[in-house]
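Asker: I'd like to ask some things about the structure below.
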């Protein structure tokens, strides 16, 4: 399937094109990595946004957002384990 720059895609279509989970798609949208317009209760994404997300320049930004979220989860887990040891 080809991504067309001037085509408008739903979040579900973007998910299929990028081959990621629904939660990853929403995390990318809400984190500002993918710019999207909310129409009613659904998001609409321009094809050029999807093309931009798969470019090498954006890869670092996506990794930083992912690691920030992962670090936040681990901080909560580590805090709980520290409390259990006391």
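Residue numbers (the numbering used here): 13 to 98. Cβ atoms here follow ideal geometry from the backbone N, Cα and C, with glycine treated the same way.
Quick one, which of 46, 79 and 54 has its alpha-carbon nearest residue 67's?
Answerer: For this step, residue 67 is matched to residue 55 along the chain shown. That would be 46, whose Cα lies nearest to the Cα of residue 67.
Asker: Using CA coordinates, which residue listed in 22, 77 and 16 is at the minimum distance from residue 49?
Answerer: Working through the chain shown from its first residue, we reach residue 49 at position 37. If we check each option's Cα against that of residue 49, 22 comes out closest.
Asker: By the three-class DSSP mapping on this structure, what secondary structure does residue 46 have?
Answerer: Taking the chain shown and counting its residues from 1, the one referred to as residue 46 is at position 34. Assigned with DSSP and collapsed to three states, residue 46 falls in coil, not helix or strand.
Asker: Determine the closest residue to residue 30 out of 14, 55, 51 and 79, with distance taken between C-alpha atoms.
Answerer: Taking the first residue of the chain shown as 1, we reach residue 30 at position 18. Nearest C-alpha to residue 30: 14.
Asker: Considering only the beta carbon of each residue, do residue 26 and residue 63 sit closer than 8 angstroms?
Answerer: Numbered from its first residue, the chain shown carries residue 26 at position 14. Numbered from its first residue, the chain shown carries residue 63 at position 51. No, the Cβ-Cβ distance between residue 26 and residue 63 is not below 8 angstroms.
Asker: Exposed or buried, residue 19, counting other C-beta atoms within 10 Å across all chains shown (16 or more means buried)?
Answerer: Reading the chain shown from its first residue, position 7 is the one you call residue 19. Burial check for residue 19: the Cβ neighbour count within 10 Å stays below 16, so the residue is exposed.
Asker: Determine, using beta carbons only, whether residue 54 comes closer than 8 angstroms to chain B.
Answerer: Checking the listed chains, one finds no chain B in this structure; it contains a single protein chain.
Asker: Out of curiosity, what's the CA-to-CA distance linking residue 56 and residue 77?
Answerer: Along the chain shown, read from residue 1 onward, the residue named residue 56 stands at position 44. Along the chain shown, read from residue 1 onward, the residue named residue 77 stands at position 65. Looking at the two C-alpha atoms, the distance is approximately 21 angstroms.
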